[in-house]
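> Take this structure, written in structure tokens, and hold onto it; I'll ask about it next.
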Amino acid sequence: MYIVQFVCEIVKVWLFNLFVFYLCICVYVYMILTS
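In full-length UniProt numbering, the protein residues as written are 1 to 35.
Quick look at the structure:
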């Protein structure tokens with residue numbers, strides 16, 4: 001039970017970090033293209 005919760009927390013954090021990472025890349029590319 002605790003292991004499942006632990007894995008779920010890791011997956012949520014990992015997905016959030018991945019989302020932020022891609023968002024930053026998109027913003028960076030947008031800034032380059034518009035400048």
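All C-beta atoms in this analysis are idealised placements derived from N, C-alpha and C, irrespective of residue type, glycine included. None of these values were measured; they are calculated from a predicted model.
What's the C-alpha gap between Tyr30 and Cys24?
C-alpha separation (whole angstroms): 10 angstroms.
> In whole angstroms, what separates the C-alpha of Phe19 from that of Ile10?
Taking the straight line joining both Cα atoms gives about 14 angstroms.
> How many angstroms separate the CA atom of Tyr28 from the CA atom of Thr34?
Their Cα atoms are separated by approximately 10 angstroms.
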